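Student: According to the UniProt record's numbering, the stretch in the sequence shown is residues 1 to 211, in order.
Positions of the beta carbon are idealized from the N, C-alpha and C atoms, including for glycine.
Because the structure is a prediction, the values reported are computed rather than measured.
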Amino acid sequence: MLTCNYPPNITNYVHIQPLPIHYTSYYRFPFSHPSFLFFSSPLPGKSTLACSLGRELHSRGNLSYVLDGDNLRHGLNKNLGFSPEDRTENIRRVGEVAKLFADAGLICIASLISPYRKDRNACRALLPDANFVEVFLNMPLELCEGRDPKGLYKLARAGKIKGFTGIDDPYEPPLNCEIEIKQKEGVCPTPNEMAGQVVSYLEDKGFLHAQ
1 MLTCNYPPNI
11 TNYVHIQPLP
21 IHYTSYYRFP
31 FSHPSFLFFS
41 SPLPGKSTLA
51 CSLGRELHSR
61 GNLSYVLDGD
71 NLRHGLNKNL
81 GFSPEDRTEN
91 IRRVGEVAKL
101 FADAGLICIA
111 SLISPYRKDR
121 NACRALLPDA
131 NFVEVFLNMP
141 LELCEGRDPK
151 GLYKLARAGK
161 IKGFTGIDDP
171 YEPPLNCEIE
181 IKQKEGVCPT
191 PNEMAGQVVS
201 YLEDKGFLHA
211 Q
């Protein structure tokens, strides 16, 4: 068996290779403004919203990609559980992948629970502030439990799932998110309405050209 005896300080020999095209070069293209949209909430429906937004961006000719938390746990993050440490590593990996998509000129949409503020802030630090958009689905817990297609809240209430966000593990809401989506007069907006709110923000901030 071939073995390599690396020195203990091997990371000192690993350097970042500058990319041939800086992400800001994509700004000159009419349908490309690289950015990272981070959907965060314990509320079921994040994936539906992310996909609605992805379809809307596609219809406008904008290049985007959705990083769905469940999908990632079937591949890139399949070796991670739900301990605080694993949750942190889960979000760290997502942030690094999203940065690669943004470097390639895409709008990356990440849909995850991400309960800890420090982990979301670590993702924000990977990109210039103007290119990170945190979207907080601020809905009451009762709505989360009422819209529970997987039955996870019921299992958590019965004590069959431990460390469940919003029940026996905290969700730390963002302090300065770019977009906050809430109920209007007690009614939850539809996925298309929520996607429209995000698109309006992106147009106002120059990420998208108004149509």
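(1) Helix, strand or coil for Val94 per DSSP?
(2) For Gly166, tell me which candidate among Pro115, Val135, Lys184 has the shortest Cα-Cα distance.
(3) Compare the C-beta of Pro128 against all C-beta atoms of chain C and say whether one is closer than 8 Å.
(4) What is the residue span of the beta strand (DSSP E) that Glu134 lies within?
(5) According to the Cβ coordinates, are Leu106 and Leu63 closer than 8 Å?
(6) Would the beta-carbon of Leu57 fall within 8 Å of that of Gly95?
(7) Alpha carbon to alpha carbon, how far is Leu208 from Gly61? Give it in angstroms, no decimals.
(8) Rounded to whole angstroms, what is the Cα-Cα separation between Phe136 and Gln183?
(9) State the Cα-Cα distance for the pair Leu100 and Tyr65, rounded to the nearest angstrom.
(10) Given a cut-off of 8 Å, decide if Asn138 and Ile181 are closer than it, judged by their beta-carbon atoms.
(11) Decide if Val198 is buried, meaning its Cβ has at least 16 other Cβ atoms within 10 Å, or exposed.
(12) Near Leu202, which residues of its chain fall below 7 Å by C-beta distance, leaving aside the five closest residues on each side in sequence?
(13) Taking C-alpha atoms, which residue in Thr88, Asp70, Cys108 lies nearest to Lys118?
(14) Assign Asp103 to one of three DSSP states: helix, strand, or coil.
(15) In three-state DSSP terms, what is Ala110?
(16) Which partner residues of Asp68 appear in the DSSP bridge assignment?
(17) Which residues in the same chain have their Cβ closer than 6 Å to the Cβ of Cys177, if we skip the five residues on either side of it in sequence?
(18) Give the single residue among Leu76, Ser47, Phe38 whose Cα lies nearest to the Cα of Asn192.
(19) Can you tell me which of Arg157, Gly159, Ser200 puts its alpha carbon nearest to the alpha carbon of Ile179?
(20) Would you mind sorting Ala158 into buried or exposed? The rule is 16 or more other CB atoms within 10 Å of its CB.
(21) Can you tell me where the alpha helix (DSSP H) holding Glu56 begins and where it ends?
(22) Nearest to Ile113 by CA position, among Pro170, Gly206, Gly196, Pro42, is which residue?
Tutor: So, from the listed chains and residues:
(1) On the sequence shown, residue 94 is found 94 positions in, with the first residue counted as 1. Helix, per DSSP.
(2) Sequence index remark: in the sequence shown, residue 166 carries index 166 (1-based). Per the Cα distances, Pro115.
(3) Looking at the structure shown, chain C is missing, and only one protein chain is on hand.
(4) Along the sequence shown, one-based indexing puts residue 134 at 134. Start and end: 132-137.
(5) Along the sequence shown, one-based indexing puts residue 106 at 106. Along the sequence shown, one-based indexing puts residue 63 at 63. Cβ distance < 8 Å, so Leu106 and Leu63 count as in contact.
(6) Start at 1 with the first residue of the sequence shown, and residue 57 comes out as number 57. Start at 1 with the first residue of the sequence shown, and residue 95 comes out as number 95. Cβ distance not < 8 Å, so Leu57 and Gly95 don't count as in contact.
(7) Here the question's residue 61 lines up with position 61 in the sequence shown. Here the question's residue 208 lines up with position 208 in the sequence shown. So the two alpha carbons sit approximately 10 Å from each other.
(8) Stepping through the sequence shown from its first residue, residue 136 is reached at position 136. Stepping through the sequence shown from its first residue, residue 183 is reached at position 183. The alpha-carbon atoms of Phe136 and Gln183 are separated by roughly 12 Å.
(9) Your numbering for residue 100 matches position 100 in the sequence shown. Your numbering for residue 65 matches position 65 in the sequence shown. Approximately 11 Å, taken between the alpha carbons.
(10) As a position in the sequence shown, residue 181 is number 181, starting the count at 1. As a position in the sequence shown, residue 138 is number 138, starting the count at 1. Yes, Cβ-Cβ distance for Ile181 and Asn138 is below 8 Å.
(11) In the sequence shown, the residue the question calls residue 198 occupies position 198. Answer is buried; the Cβ neighbour count reaches 16.
(12) Start at 1 with the first residue of the sequence shown, and residue 202 comes out as number 202. Here the set comprises Leu208.
(13) Translated into positions along the sequence shown, residue 118 becomes position 118. Ranking Thr88, Asp70, Cys108 by Cα distance to Lys118 puts Thr88 first.
(14) As a working note, residue 103 is residue 103 in the sequence shown. In the displayed model, Asp103 falls within a helix according to three-state DSSP.
(15) Residue numbering aside, residue 110 sits at position 110 when the sequence shown is read from its first letter. Here Ala110 carries a strand assignment [DSSP, helix/strand/coil].
(16) Working through the sequence shown from its first residue, we reach residue 68 at position 68. BP columns for Asp68 point to Ser111.
(17) In the sequence shown, residue 177 corresponds to position 177, counting from 1. Residues Glu134, Phe136 of the same chain have their beta carbon placed closer than 6 Å to that of Cys177, with the five preceding and five following residues left out of the count.
(18) By 1-based counting over the sequence shown, the position of residue 192 is 192. It is Ser47.
(19) Indexing the sequence shown from 1 puts residue 179 at position 179. Per the Cα distances, Ser200.
(20) Your numbering for residue 158 matches position 158 in the sequence shown. By the 10 Å Cβ count, Ala158 comes out exposed.
(21) Stepping through the sequence shown from its first residue, residue 56 is reached at position 56. Unbroken alpha helix (DSSP H) run through Glu56: 46-59.
(22) As a position in the sequence shown, residue 113 is number 113, starting the count at 1. Put simply, of Pro170, Gly206, Gly196, Pro42 the residue whose alpha carbon is nearest the alpha carbon of Ile113 is Pro42.
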